[in-house]
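Under this note's numbering, the residues of the sequence shown are numbered 1 to 336, in order.
Take a look at the structure set out below.
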Amino acid sequence: MASAEIAFWVVALLVVLALLFDFMNGFHDAANSIATVVSTGVLKPQQAVLFAAFFNVLAIAFFQLKVAATIGKGIVEPGIVDHHVVFGALIGAIAWNFITWWWGIPSSSSHALIGGIVGAVIAKSGTQGLVGAGIWKTVAFILVSPLLGFLLGSLLMVIVAWVCRGKSPLRIDAWFRRLQLVSAGLYSLGHGGNDAQKTIGLIWMLLIAAGMVAVGDKSPPGWVIWSCYIAIGVGTMFGGWRIVKTMGQRITKLKPVGGFCAETGGAITLFLATAMGIPVSTTHTITGAIVGVGSVQRASAVRWGVAGNIVWAWIFTIPAAALMASICYWVSFAIY
Numbered sequence: 001m002a003s004a005e006i007a008f009w010v011v012a013l014l015v016v017l018a019l020l021f022d023f024m025n026g027f028h029d030a031a032n033s034i035a036t037v038v039s040t041g042v043l044k045p046q047q048a049v050l051f052a053a054f055f056n057v058l059a060i061a062f063f064q065l066k067v068a069a070t071i072g073k074g075i076v077e078p079g080i081v082d083h084h085v086v087f088g089a090l091i092g093a094i095a096w097n098f099i100t101w102w103w104g105i106p107s108s109s110s111h112a113l114i115g116g117i118v119g120a121v122i123a124k125s126g127t128q129g130l131v132g133a134g135i136w137k138t139v140a141f142i143l144v145s146p147l148l149g150f151l152l153g154s155l156l157m158v159i160v161a162w163v164c165r166g167k168s169p170l171r172i173d174a175w176f177r178r179l180q181l182v183s184a185g186l187y188s189l190g191h192g193g194n195d196a197q198k199t200i201g202l203i204w205m206l207l208i209a210a211g212m213v214a215v216g217d218k219s220p221p222g223w224v225i226w227s228c229y230i231a232i233g234v235g236t237m238f239g240g241w242r243i244v245k246t247m248g249q250r251i252t253k254l255k256p257v258g259g260f261c262a263e264t265g266g267a268i269t270l271f272l273a274t275a276m277g278i279p280v281s282t283t284h285t286i287t288g289a290i291v292g293v294g295s296v297q298r299a300s301a302v303r304w305g306v307a308g309n310i311v312w313a314w315i316f317t318i319p320a321a322a323l324m325a326s327i328c329y330w331v332s333f334a335i336y
């Protein structure tokens, strides 16, 4: 694969921009990690974001870089990527993230990035520049991840209800306040493991295009890995309260037992997807799990109108980010 002639300062600027996206990813998706544990009163917001940020960064020790490889090598054909494509993808994703954060809509940073990459590549070379298998695998999990989260969350809720039948509600609440710390930690681990790797993959893609890393290398440089995990952790520390409120209270009212089941179901889904190298939406996953937990209690416990608005945001995320990215690609191409 021939490398593009990209000035070092351009590469450095795009790496900084990618880390800014990673920070915003953590900031935007902090609600996914902490909404349930905050809404149930197990942790205060300040405690919860520090707790989640720690496990986001700790994920570096637990997961192979399969998701990063999918983003870096499995979505775009070799030779297509240049600095204009990366710039367009990042600005498109950042713009959509900002819009949805401002309105308190829990959309997917992951799919904003995928949409950004797709839009910028199509602007440059049309659909032939995309790797169909990688795109369809990611698109399929737009449906699979929330459904799996829903099924696991509701199944765990049924199992817990059966195991705890006849026991004092106060004792159950006390147990699951402790257990929810475990489930929240696992979910934050899965969030860091899947989401940080998406930015790792994008920077890896850029370095390959610039000829700074060989296309055959099995992993990117260590500084890329560490900087991305730290950036998403720091972003989580500053997490957005607007989305926490939507996720933790407006979809359904949660108690510690429900929070435990939702987080555990979501964590299992993220662990499976990351092991298979599939970039999934942590937002979709935890929302599906929360809805599953609420629906087991009773269908009316779920505010389906709020859930429906979130689904519409999911549907629009990839095309909206792709449109913004394609515009940004042409702006970048015209400027430099």
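Every residue gets a Cβ at the ideal spot worked out from N, C-alpha and C, and that includes glycine.
What you are looking at is a predicted structure, and each value in this text was computed from that prediction instead of being measured.
Spatially closest choice to residue i from the options, by CA coordinates
i	options	result
Ala-52	Gly-265, Pro-256, Phe-238, Phe-8	Phe-238
Leu-65	Ala-133, Gly-190, Thr-100, Leu-50	Gly-190
Leu-13	Pro-279, Ile-203, Ala-133	Ile-203
Gln-46	Ile-71, Ile-34, Phe-55, Val-57	Ile-34
Tyr-187	Tyr-336, Val-57, Ser-109, Val-131	Val-57
Trp-136	Val-16, Ile-71, Asp-217	Ile-71
Val-121	Ile-335, Thr-317, Val-182, Ile-327	Ile-327
Val-67	Gly-192, Val-331, Ile-230, Phe-316	Gly-192
Val-234	Val-15, Trp-101, Asp-29, Trp-9	Asp-29
Val-42	Ile-232, Ser-332, Val-15, Ala-184	Ala-184
Thr-287	Ser-145, Ala-334, Trp-96, Val-215	Ser-145
Met-276	Thr-138, Phe-8, Ser-110	Thr-138
Rounded C-alpha distance that separates residue i from residue j
i	j	result
Ala-93	Ala-321	6 Å
Leu-207	Val-11	8 Å
Ile-60	Gln-197	9 Å
Leu-143	Ala-161	27 Å
Cys-228	Leu-90	14 Å
Ile-80	Leu-272	30 Å
Phe-27	Ile-278	22 Å
Leu-170	Ala-209	58 Å
Ser-295	Val-49	27 Å
Val-224	Ile-200	6 Å
Thr-282	Asn-194	8 Å
Val-118	Leu-130	7 Å
Thr-274	Tyr-329	29 Å
Glu-263	Ser-219	30 Å
Gly-134	Asp-217	19 Å
Phe-54	Phe-176	21 Å
Trp-101	Gly-166	43 Å
Val-168	Val-182	The sequence given here places Ser at residue 168; Val does not occur at that position. Roughly 22 Å separates the two Cα atoms.
Tyr-336	Phe-8	14 Å
Where the alpha helix (DSSP H) containing residue i begins and where it ends
i	result
Met-212	Careful: Met-212 lies outside any alpha helix (DSSP H) and carries neither H nor E.
Thr-264	256-275
Thr-70	66-73
Gly-115	109-125
Gln-128	No alpha helix (DSSP H) holds Gln-128; DSSP gives it neither H nor E.
Pro-45	45-58
Val-85	83-102
Ile-350	With the chain running from 1 to 336 in the structure shown, residue 350 is simply not present.
Thr-236	222-237
Cβ separation of residue i and residue j, assumed to be a contact under 8 Å, to the nearest whole Å
i	j	result
Gly-88	Ala-325	4 Å
Phe-260	Leu-323	Contact flag wrong, Cβ pair sits at about 40 Å.
Val-213	Pro-221	7 Å
Met-205	Val-76	7 Å
Ser-108	Thr-317	5 Å
Ala-280	Phe-141	In the sequence on display, residue 280 carries Val and not Ala. The Cβ separation is near 5 Å, so the contact holds.
* Counting Cβ pairs, one atom from each stretch, are 3 or more of them under 8 Å apart for the stretch 136-155 and the stretch 284-292? -> yes
* Asked: Are there three or more Cβ pairs, one per stretch, closer than 8 Å when the stretch 255-273 is compared with the stretch 77-96?
  -> no
* Evaluate the contact criterion for the stretch 110-129 versus the stretch 257-273: three or more CB pairs, one atom per stretch, below 8 Å. => no
* Asked: Looking at C-beta atoms only, is the number of pairs between the stretch 9-23 and the stretch 151-169 that lie closer than 8 Å three or more?
  -> no
* Segment contact flag, the stretch 109-123 with the stretch 33-49, C-beta cutoff 8 Å, min 3 pairs -> no
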